[in-house]
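Numbering (this note's numbering), first residue to last: 106 to 497.
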C-alpha cells in the first residue's frame, strides 16, 4: 500500500495580512496531481487542516475542493485535528464523510477506532491521534494526574496498542499532532506548551510501522519510520529557504519497505531585501523578486515616506517593510557623542536639538544651575556616613 504524508495545511491562514486562499488552492491541486502520478492509495493528514477553529466559508470551500480532488485522483484520506482546528467542528460530519472516503479522527473515543485499510497482503490499521490538550483530556484518558504532553500521548498510545494487539499483529500506521523530541520548529508554528511541557519522546511510537507527524512546518526525518512532512506552503520569511515536500511511504507484507521525498512546486517565492528604498526600486538584480512575497529592511538615513506603497509599484506582493537605522543603536551613539564633553556643552546641544539655539542669557542661567547642582552633589558626597547607615 502506498501512503502520502502531508500536514499543516492551515487553510484560511493569512500572510502579513494577505489572503493565501488562492495559493492554498493551488498547493492542494499539486497534491492531487502527485496522488495521481504516484498511484497513492491513502493520504495521511495529521492535523491543522484549518488555521482557525471557526474557518470562513471560503476556507471551507477551498478545503473541500482539495479533498474532492484527492479523492478523484484515487486516494482515500485519513485526517486528524490539530491545535488550530476545532475537533468538534472538523469531526461533526465524520460518519457521513467516511462514506465518501474521508476518514476523520478528532476525539479520544476515536483512539480505539482505527481506519482499517486492506491490500493484497492483508489489513492495515490506521490510528489517528488528534492534538490532545492535557488539561482537557487527561480525565477522559484515565490519567487525571497527567500534566505533560508526554504523559497524555503515552495514555493515548496505550489505547492504540491495546486495540492493535487485539487485531493479531496487523500492520500499523499512526497519525499524531505533537512536538516530538528531535524535531525543529520554524517559527511559524503556534506553541502547544499550554497545559504542560510540549515535547514528547520518539519512544512513544515504538513498534508502529509508519508514524505521520504534524505540527512542525518543515519536512523532517526523526527516524526511518517517524517523520514530519511540514506545511505545503511557507508561512513565515524564516521558511523562505525551505523546499516544501511530502513523503510517500510504501508498506509491504512485513511493514515499511521504503520512504521517498517528493518536493512540491513553489506557488510563490519569498524574498527578503535589504537596502535603501531607491536602490531596491531601481536595481535590476532584484528582478526575480517582482513575483515573490517581499519583506524589505530599509537602511535609508531618514525613514522613507509611504515606503510599502512605493515598493508595491515594483513588487506587487510586498507584504512587510521595516526601517533599520543605519547608524545602529541610537542609545549607544548618544553616549559616544557626549563622552568627554562638559555638562554645559551637552545641555547646549540638547536645547539646540529639541527647541532652538539657546541665547546667552539662557546659557548663563543654565551654567549657574549646573554649578549649583554640582556643588550640592559634592557637599553631599563629603558628608560623613552615619554609623547606623554604615551597619545597615
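For glycine and all other residues, C-beta sits at the position ideal for the given N, C-alpha and C.
Residue nearest to residue i in terms of C-alpha spacing, selected from the options
i	options	result
residue 343	108, 106, 479 and 120	120
residue 449	212, 471 and 331	471
residue 185	330, 457 and 114	114
residue 166	480, 116 and 206	116
residue 235	248, 265 and 251	265
residue 156	368, 340 and 378	340
residue 261	352, 401 and 248	248
residue 284	278, 211, 353 and 309	309
residue 307	292, 291, 322 and 326	326
residue 237	225, 417, 395 and 210	210
residue 366	241, 354, 124 and 358	354
Straight-line gap, residue i to residue j (C-alpha atoms, nearest Å)
i	j	result
residue 376	residue 346	9 Å
residue 223	residue 229	6 Å
residue 204	residue 403	55 Å
residue 348	residue 372	11 Å
residue 299	residue 254	Because residue 299 sits at a pLDDT of 45, beneath the cut-off of 50, its placement in the model cannot be relied upon, and the point is left open.
residue 455	residue 482	22 Å
residue 424	residue 400	6 Å
residue 351	residue 305	23 Å
residue 392	residue 180	40 Å
residue 446	residue 322	54 Å
residue 123	residue 289	26 Å
Bridge partner(s) assigned by DSSP for residue i
i	result
residue 120	123
residue 239	Residue 239 is not bridged to any residue.
residue 108	147 and 354
residue 368	350
residue 402	379 and 427
residue 278	231 and 315
residue 208	183
residue 326	332
residue 155	116
Residue environment, residue i, which counts as buried when at least 16 other CB atoms sit within 10 Å
i	result
residue 243	buried
residue 294	buried
residue 152	buried
residue 129	buried
residue 410	exposed
residue 239	buried
residue 476	exposed
residue 496	With a pLDDT of only 41 at residue 496, under the threshold of 50, the placement of this residue in the model should not be trusted; the figure read from the coordinates follows. Residue 496 is exposed by the Cβ-count criterion.
residue 296	exposed
residue 276	buried
residue 421	exposed
residue 406	exposed
residue 271	exposed
residue 111	buried
residue 479	exposed
residue 200	exposed
residue 175	buried
Inter-residue CB distance, residue i and residue j (contact presumed, cutoff 8 Å)
i	j	result
residue 108	residue 147	5 Å
residue 187	residue 287	Not confirmed; about 19 Å, so no contact.
residue 213	residue 258	Contact doesn't hold; Cβ gap of about 12 Å is too wide.
residue 316	residue 334	That pair is no contact at about 11 Å.
residue 183	residue 280	6 Å
residue 194	residue 135	Not quite, the Cβ-Cβ distance comes to about 26 Å (not below 8 Å), so this is no contact.
residue 133	residue 171	3 Å
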